[in-house]
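Asks: Add 48 to a position in the sequence shown, counting from 1, and you land on the number used in the numbering used here.
In this text, a Cβ means the ideal position worked out from N, Cα and C, and glycines have one as well.
I have a structure I would like to understand better, so I am pasting it below and will then ask my questions one at a time.
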Amino acid sequence: MKKSAKHREFIKKAEKISFDEEHRRKIRFNISKYDQSVEKGQGELYKNIELARQRSGQIKYRVINELDKYLIEFENNFLRNGGKIIWAMDAEEALKEIMKIVKKHDVSSVVKSKSMTTEELELNPFLEKNSVEVTETDLGEFIVQQAGQRPYHIVTPAMHMSKEDVAALYNKKFETPADMPPEELTIYTRKLLRKKFMNADLGITGANFLIADTGSIALTENEGNGMLTMSFPKVHIAIAGIEKIIPRLEDLDLYWPLLSTHGTGQLMTVYNSIISGPRKENEKDGPEEMYLILLDNGRTNLLAQERQRQALSCIRCGACLNACPVYKNIGGHTYNTTYTGPIGSVIEPFLEDFKTYKHLSFASSLCGKCTTVCPVKIPLHELLLVNRDYAVRNGATSFLEKQGMKMATKALGSRTMMDMAKGKTKYTFAKMFGSKAWGPRREFPHIAEKSFSQQWKERNQE
Ligand code: SF4
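Next comes the structure, spelled out in C-alpha cells:
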C-alpha cells in the first residue's frame, strides 16, 4: 500500500508502544475494571439487551437516512426555544463563528466541559492563541490538559495514566505533595475549578443528543461540571456534530441507559440535563444567550457512502475501543486522530482525508469484538473491510503491488501452477515477496513439501 507520512508515523509509534510493558499494564488494569462494571451494569439493567440494541440501532439509522428532515425539525424547535443556530461546514468556519461570539461578549476566560467535537476543532490552542484562557472542567480532561496531551480515549481521557502519574503531574504543575492520594487530588482540582466557573465569561459544552421534537440538547456527565459550565457564565455555546439527532424526547429512555451501561457500566450516568434554550424570563438559572454550532466537518462525506454512513449512528460510548485488541496494544495516542479505536478507524478517513488516514482501516485483526459490543449495532469490522475495498478502488495500492496480486491470483487459482514448484521453492518465493508485510517479529510460516492435493492423490493411489 502507498504510505502517507501519517501512516509511517503510525507504524513507528505502534511498534514502539506495543512493547512498552508499563503502558500495557496500565491499560490492562483500567480496562479490566471497566469490563467488570460493564458486565455487572448490563446484567442488572437489561432482560434483553439485544432488543435494546436493535431498537436503538434502527432509530439512529433511520435518522441518518433522513437527516435533512430531522435537522430542520430540530432547528425550528431550537429557535423557538430562544437559542441561536450556527451551521458550520468545517473546523475553520466553526472557529471563525466562535471568535465572533468571543469578541461580541468581550470574553477573556472560558470554561469547557468534555466534548470530542471541540477536539476536532482543536479549540483550546485556537482560543489560547487568541489570548482567551480556557479551562477543561472534566477531571480527566483537566488532567490531560495539564499534561499538554490529547484525550487518550473518547470516554476516559486519562486512561493511560496511573494515580502516581497524576500525583507527579500535579506536583510539577501545582507543587502539591508528590504522593497526594486521588481523593485529595480531586478536592484540589474541585477548589481550583470553582474559581474558574465563578469568573468565566463563556461556557462551552458538547451535546450527547439533539432532540428533534423539543429542540433541546441532552448532556450526560458524571461530575456536574457540564451543568456548571452551561449555567454559570452568561453565554453558552454548545457544539455538536449534525449526526447527534434523536427524533423524540422519549427516545432518551433508550439511549441514556445504553450510553451509561456501555460507556462505564453505570446504570445511569450521574447528571443528565436537557437544555432547551437560554434562561427564560421566569427562570433563575442559565445563560442569557445560547448558541448551538451544528458541525459538518466531513460528516456529509461519510453520509455519501451507502455502507459506511451507518457509522454516523455512533453514540460515542467507547465500548468498541475497550474491546479492541489493537487499541489495547497500541493505545489511543498512536492513532493521532480525534476518534480512535474501531470507530475512529471507520470514520476518520472520511472526516479528515481518505488518502492520509486509510491505513487505519487496515489496523485491525477483524476479530469482530467491536461489532458485538456496540449498543447501536454498527457492523464495525465489516465497515473496516468496506473501507479497505474503497481504498483499493481509489488507488491505494502501488503498481508493483497490483501486478503482484494479479500474478498471485493467477498462480493460486491454478492447481497445475501450484504443483509445479516444491515446498522449499514456494517457501523461498513467498518469503522473498511476503516477509516485509509479515513483519520481523513473527516466524514466516513454513510450507509443506507436498501440497494437500498431491498428498491426497498419493494416499488414494495407495
Ligand atoms: S461505534 Fe458503537 S461501540 Fe463504538 S463508540 Fe460508537 S456506539 Fe460505542
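Can you tell me whether DSSP reads Ile294 as helix, strand or coil?
Replies: Ile294: strand per DSSP, three-state reduction.
Asks: Looking only at its chain, what residues have a beta carbon closer than 7 angstroms to the beta carbon of Lys428, apart from the 5 residues adjacent to it on each side?
Replies: Here residue 428 is Leu; the residue named in the question, Lys, does not match the sequence. Cys368, Pro390, Ile391, Val394, Cys418, Thr419 and Cys422, listed in sequence order.
Asks: Taking the Cβ atom as the reference point for each residue, do Ser321 and Leu360 lie within a distance shorter than 8 angstroms?
Replies: Contact: no.
Asks: Can you tell me the Cβ-Cβ gap for Leu276 and Val158, rounded? I've got them flagged as a contact below 8 angstroms.
Replies: The Cβ separation is near 13 angstroms, so there is no contact.
Asks: Taking just the CA atoms, how far does Ala226 sit from Asn213?
Replies: The question names Asn, but residue 213 in the sequence shown is Asp. Each residue's Cα considered, the two are about 10 angstroms apart.
Asks: Can you tell me the Cβ-Cβ gap for His8 and Ile378, rounded? I've got them flagged as a contact below 8 angstroms.
Replies: Because residue 8 is not part of the residues shown, which for the chain are 49 to 510, the question remains open.
Asks: Does the pairing of the stretch 252-268 with the stretch 286-306 give three or more beta-carbon distances under 8 angstroms?
Replies: Result yes; three or more Cβ-Cβ pairs closer than 8 angstroms.
Asks: Can you say whether Trp304 is buried or exposed, counting buried as having 16 or more other CB atoms within 10 angstroms of its CB?
Replies: Burial call: buried.
Asks: Sort Glu510, Tyr383 and Asp467 by Cα distance to Ile59 and report the nearest one.
Replies: Among Glu510, Tyr383 and Asp467, the Cα nearest to that of Ile59 is on Tyr383.
Asks: Beta-carbon separation of Ile341 and Ala139 under 8 angstroms?
Replies: Against a cut-off of 8 angstroms, the Cβ pair of Ala139 and Ile341 comes out as no contact.
Asks: Please give the ranges of any alpha helix (DSSP H) in the stretch 371-458, keeping only runs that are unbroken, at least 4 residues long and fully inside the region.
Replies: The qualifying runs are 373-378, 389-399, 402-405, 417-421 and 428-441.
Asks: Verify whether the separation of the beta carbon atoms of Ser413 and Ala439 is less than 8 angstroms.
Replies: No; because the gap between Cβ atoms is not below 8 angstroms, this pair is not in contact.
Asks: Going by C-alpha distance, which of Phe122, His407, Asn247 and Asn270 is nearest Arg56?
Replies: That would be His407, whose Cα lies nearest to the Cα of Arg56.
Asks: By alpha-carbon positions, which one of Gln358, Met338, Gly487 and Glu337 ends up nearest to Arg347?
Replies: Arg347 has its Cα closest to that of Gln358, out of Gln358, Met338, Gly487 and Glu337.
Asks: Would you please verify whether the beta carbon of Leu369 is less than 8 angstroms from any beta carbon of chain C?
Replies: In the structure shown, chain C cannot be found, because there is only a single protein chain.
Asks: For Ile134, I'd like the list of residues in its chain whose CB is within less than 8 angstroms of its CB, leaving aside the five on either flank, ordered along the chain.
Replies: Ala142, Glu145, Tyr339, Leu340, Ile341 and Leu342.
Asks: How would you call Val86, buried or exposed, if buried means at least 16 neighbouring beta carbons within 10 angstroms?
Replies: Looking at its Cβ environment, which holds 16 or more other Cβ atoms inside 10 Å, Val86 is buried.
Asks: Just the C-alpha distance for Lys498 and Glu491, rounded to the nearest angstrom, thanks.
Replies: Each residue's Cα considered, the two are about 20 angstroms apart.
Asks: Note down the Cα distance separating Asp116 from Ile363, rounded to an integer number of angstroms.
Replies: Cα to Cα, the separation comes out at about 19 angstroms.
Asks: To which residues does DSSP link Thr204 through a beta bridge?
Replies: BP columns for Thr204 are empty, so no partner.
Asks: Pick helix, strand or coil for Asn330, following the three-state DSSP scheme.
Replies: Coil.
Asks: Under the rule that 16 or more other beta-carbon atoms within 10 Å means buried, what is Ala352, buried or exposed?
Replies: Exposed, since its Cβ has fewer than 16 Cβ neighbours within 10 Å.
Asks: Cutting at 8 angstroms between CB atoms, please list the residues of its own chain near Glu396, excluding the five before and the five after it.
Replies: Here the set comprises Tyr383, Thr385, Thr386, Tyr387, Tyr405 and Leu408.
Asks: Kindly indicate which three-state DSSP category Phe492 falls into: helix, strand or coil?
Replies: If DSSP states are grouped into helix, strand and coil, Phe492 belongs with coil.
Asks: What's the call for Asp437, buried or exposed, on a 16-neighbour Cβ count within 10 Å?
Replies: Its Cβ having fewer than 16 others within 10 Å, Asp437 is exposed.
Asks: Between Gly313, Lys328 and Glu232, which lies nearest to Glu92 when the distance is taken from Cα to Cα?
Replies: Out of Gly313, Lys328 and Glu232, Gly313 has the C-alpha closest to the C-alpha of Glu92.
Asks: Using CA atoms only, rank isn't needed, just tell me which of His71, Gly366, Leu399 and Pro373 is closest to Asp344.
Replies: When each option's Cα is compared against that of Asp344, the closest is Leu399.
Asks: So, does the stretch 233-253 touch the stretch 149-169, judging by three or more C-beta pairs under 8 angstroms?
Replies: These segments touch.
Asks: For Thr348, report the span of its alpha helix (DSSP H) as first-last.
Replies: Per DSSP, Thr348 belongs to the alpha helix (DSSP H) from Arg347 to Leu351.
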